[in-house]
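Chains as they are written, first to last, in this note's numbering: chain Y, 4 to 662; chain X, 9 to 169. Reviewing the structure listed below.
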């Protein structure tokens, strides 16, 4: 099995080189036979990588511990679901997962050449194949997941207990679906530069890919946050860890790109900017992979045993130099329209949204690399952690949310004074009233939180207003029932309203972030059996320590009766789990969630066989709104992604490129 | 002899109770809000990469004890940061301290970049609007007509978008 797996990777590497060569020659000689041969080779690459992946999965299910990777990340007592997800628990498997997705994406793009010889798509396939060569080269010669022992151990060393969580099933997978998805718009942008087809064909061809990548990057980040919240036991969801940052940077850049392409589609402007955004989004995905494998930063995500950082760094430099070199060599073809009707228009609000998003990406990047810059230039190590990011990113986030609120109120092309007055008056008055009420409720304290909530309210109101106005306008014209009008309006304009649904999701996430960051309460205390702790309106009675045998270990939990306003509401059971493959215990937190707040309890340690326990209690207000917002964001993304009539920007005819 | 022993025992007990009372009263006097603020501004120093507030390892526990000890000695927030930096270096601060001019780059950099971006956008918009007006200079159309057309245009856009 391991021989076939290894051979598949080697063959895939060979086929990807072959495909790249024949595609390139075929394109330059306009030879359809060669291009079709390259297409076949691209399919072979996908088939072989799928085969090797299936074999590795089979190795995990079968307990093939003679494979070093399987031995390192699995064990006999590991639950089945985690045996499957152990595939991407380590460095080599995660690289194979990346390559698996990339090979499948490449085959899907190559499939487009079935009916028509299309130079642009052929070149995009070549770019994707070159990326395949890099990853397959690493898998074949540097990080072979099928490396074996010359004996078969009876059991594996097991999976890191922190990775035994449903969040870890989906977090890496969704993140990689997003990361790798960025490769496709990047390949098409490079193809556009090579072929000098710098109009919006490549944007139209890859819009869905960009949204696809964005949706999965969003999901990956969100699921990572949920995992941190329920698994790491420190009561937070985002620690501004360098690797978290590296998945956030491409998300920010891709968000900017998804907005700025609308300007190119509508006005044939910002060509250089859009190409640059795609190049840097792709580089940012490589940067994330470099960080996890370089050992440059301490992180919960690091693969410390990896020598791959150097190769990723070299590849990043190569991509940077070639892409930017190509872009500057085509600068004459990237000249675009240079006309805006007004300073105040939807188009200009998109420019400012790009400013904040790219500014945010730059800030996160600066924060991530600043410790290295300081050490290199000053010889002094510094840390850049949560307090810095919170202070820098909070105004940027609020700026983005404010623009989300302003944008629907402004007309395309130009907003007249009348338009301005009519559209802004009601939201501004209501927001001012809201600010007064919330500031009063906060007893005149926390001005920043009051401003933040008001901005969220303003953006929420104007976005919902768009739906309501559109619904009644349509209902008036068509005579349909308002609800039917709403559904049909959304379905016929999925790109637009999908975007607005995403905005609502982001606003709710921001609402949750402000609440949980500003108003959280924390208490660490030691309770003897029968003693109560008080935090906020909660009283928690410690009833003792109990034990629960699980499949691959033992869970010790504190039995806690939780009262709110003197009324029993639930029993909480925060755990310390002793896994059979680990010397130290791991926390499983207890969370009692309501729309208002989460009561978050961690069992830290105990004394005298459980007669007393050290517990951490946190009240995290509004956290659940982040998860609700995340769900809405995903629904909005999928709505915008859904194919068919209504997913286009406008009725402009799609232009099939052929030459 | 027994009297001496008994007296010693009583004195020791009283001293113990006094010290207990003293420490309890100090603990009560300890400004927990300040402690939490300081904790949230420092990093754990054992290379785990976590900031102190979220770290539970032995190094983090020791650092917390050190902070409490310094607070009970009556040291101010800045004095505690200064002491921590003198022991562990600037790395102990969870955000680059602005005492170093170089670190101001980290604090000001993002906002300077955004301001520069804002100016660039403004200049570009200025140029693009000038181009647009120059192109449309011959058109004889008043504000009212523009608004009518704009409403019409927006309705059309809404229908299709």
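Glycine residues also receive a C-beta, built at the ideal position from the N, C-alpha and C atoms. Remember, it's a predicted structure, so these values are computed and weren't measured experimentally.
Per-residue burial, residue i [other beta carbons within 10 Å of its own, 16 or more giving buried]
{"i": "residue 484 of chain Y", "result": "exposed"}
{"i": "residue 79 of chain Y", "result": "exposed"}
{"i": "residue 39 of chain X", "result": "exposed"}
{"i": "residue 8 of chain Y", "result": "buried"}
{"i": "residue 214 of chain Y", "result": "buried"}
{"i": "residue 155 of chain Y", "result": "exposed"}
{"i": "residue 292 of chain Y", "result": "buried"}
{"i": "residue 499 of chain Y", "result": "buried"}
{"i": "residue 338 of chain Y", "result": "exposed"}
{"i": "residue 203 of chain Y", "result": "buried"}
{"i": "residue 246 of chain Y", "result": "buried"}
{"i": "residue 444 of chain Y", "result": "exposed"}
{"i": "residue 626 of chain Y", "result": "buried"}
{"i": "residue 321 of chain Y", "result": "exposed"}
{"i": "residue 152 of chain Y", "result": "exposed"}
{"i": "residue 601 of chain Y", "result": "buried"}
{"i": "residue 635 of chain Y", "result": "buried"}
{"i": "residue 144 of chain Y", "result": "exposed"}
Residue i - DSSP class collapsed to helix/strand/coil
{"i": "residue 373 of chain Y", "result": "helix"}
{"i": "residue 378 of chain Y", "result": "helix"}
{"i": "residue 547 of chain Y", "result": "strand"}
{"i": "residue 29 of chain Y", "result": "helix"}
{"i": "residue 581 of chain Y", "result": "strand"}
{"i": "residue 597 of chain Y", "result": "coil"}
{"i": "residue 168 of chain Y", "result": "coil"}
{"i": "residue 82 of chain Y", "result": "coil"}
{"i": "residue 557 of chain Y", "result": "strand"}
{"i": "residue 468 of chain Y", "result": "helix"}
{"i": "residue 658 of chain Y", "result": "Residue placement at residue 658 of chain Y is poorly supported in this model, since its pLDDT is 38, which falls under 50; the coordinates still yield a value, given next. Coil, per DSSP."}
{"i": "residue 587 of chain Y", "result": "coil"}
{"i": "residue 9 of chain X", "result": "With a pLDDT of 49 at residue 9 of chain X, under the threshold of 50, the predicted position of this residue should be treated as unreliable, though the coordinate-derived value follows. Looking at residue 9 of chain X - three-state DSSP - the assignment turns out to be coil, as it is neither helix nor strand."}
{"i": "residue 98 of chain X", "result": "helix"}
{"i": "residue 18 of chain X", "result": "helix"}
{"i": "residue 565 of chain Y", "result": "strand"}
{"i": "residue 609 of chain Y", "result": "strand"}
{"i": "residue 173 of chain Y", "result": "helix"}
{"i": "residue 534 of chain Y", "result": "coil"}
{"i": "residue 619 of chain Y", "result": "strand"}
{"i": "residue 575 of chain Y", "result": "strand"}
{"i": "residue 51 of chain X", "result": "strand"}
Contacts that residue i makes with chain B (C-beta to C-beta distance below 7 Å)
{"i": "residue 62 of chain X", "result": "In the structure shown, chain B cannot be found, because the protein chains are Y and X."}
Residue i versus residue j - alpha carbon distance
{"i": "residue 11 of chain Y", "j": "residue 295 of chain Y", "result": "26 Å"}
{"i": "residue 332 of chain Y", "j": "residue 275 of chain Y", "result": "12 Å"}
{"i": "residue 315 of chain Y", "j": "residue 326 of chain Y", "result": "16 Å"}
{"i": "residue 277 of chain Y", "j": "residue 256 of chain Y", "result": "10 Å"}
{"i": "residue 403 of chain Y", "j": "residue 76 of chain X", "result": "40 Å"}
{"i": "residue 460 of chain Y", "j": "residue 439 of chain Y", "result": "12 Å"}
{"i": "residue 482 of chain Y", "j": "residue 495 of chain Y", "result": "17 Å"}
{"i": "residue 394 of chain Y", "j": "residue 364 of chain Y", "result": "15 Å"}
{"i": "residue 174 of chain Y", "j": "residue 418 of chain Y", "result": "43 Å"}
{"i": "residue 479 of chain Y", "j": "residue 472 of chain Y", "result": "11 Å"}
{"i": "residue 412 of chain Y", "j": "residue 509 of chain Y", "result": "18 Å"}
{"i": "residue 457 of chain Y", "j": "residue 49 of chain Y", "result": "50 Å"}
{"i": "residue 284 of chain Y", "j": "residue 317 of chain Y", "result": "17 Å"}
{"i": "residue 90 of chain Y", "j": "residue 165 of chain Y", "result": "15 Å"}
{"i": "residue 511 of chain Y", "j": "residue 72 of chain X", "result": "35 Å"}
{"i": "residue 391 of chain Y", "j": "residue 641 of chain Y", "result": "34 Å"}
Residues near residue i by beta carbon distance below 7 Å, same chain, minus five either side
{"i": "residue 644 of chain Y", "result": "211, 214, 215, 218"}
{"i": "residue 113 of chain Y", "result": "42, 45, 46, 128"}
{"i": "residue 388 of chain Y", "result": "243"}
{"i": "residue 139 of chain X", "result": "none"}
Cβ neighbours of residue i in the same chain (closer than 6 Å, five flanking residues each side left out)
{"i": "residue 550 of chain Y", "result": "559"}
{"i": "residue 35 of chain X", "result": "Any reading at residue 35 of chain X needs caution, since the residue's pLDDT is 47, under 50, leaving its predicted position unreliable; the model's value is listed next. So the list is empty, once near-sequence residues are dropped."}
Q. Given a limit of 9 Å on CB to CB distance, which residues of the stretch 88-116 of chain X reach chain Y?
A. 97, 98, 99, 100, 101, 102, 103, 104, 105, 108, 110, 111, 113, 114, 115
Q.
Which residues of the stretch 403-427 of chain Y have a Cβ closer than 9 Å to any Cβ of chain X? Give them in chain order.
A. 414, 415, 416, 417, 418, 419, 420, 421, 422
**Q.** Residues, ordered as in the chain, of the stretch 327-350 of chain Y that lie near chain X by beta-carbon distance below 7 Å
**A.** 341, 342, 343, 344, 345, 346
Q: Closer than 7 Å, Cβ to Cβ, to anything on chain X: give me those residues from the stretch 382-397 of chain Y, in chain order.
A: 383, 384, 385, 386, 387, 388, 389, 390, 391, 395
Q: Quick one: which residues of the stretch 598-613 of chain Y get their C-beta closer than 8 Å to a C-beta of chain X? List them in chain order.
A: 607
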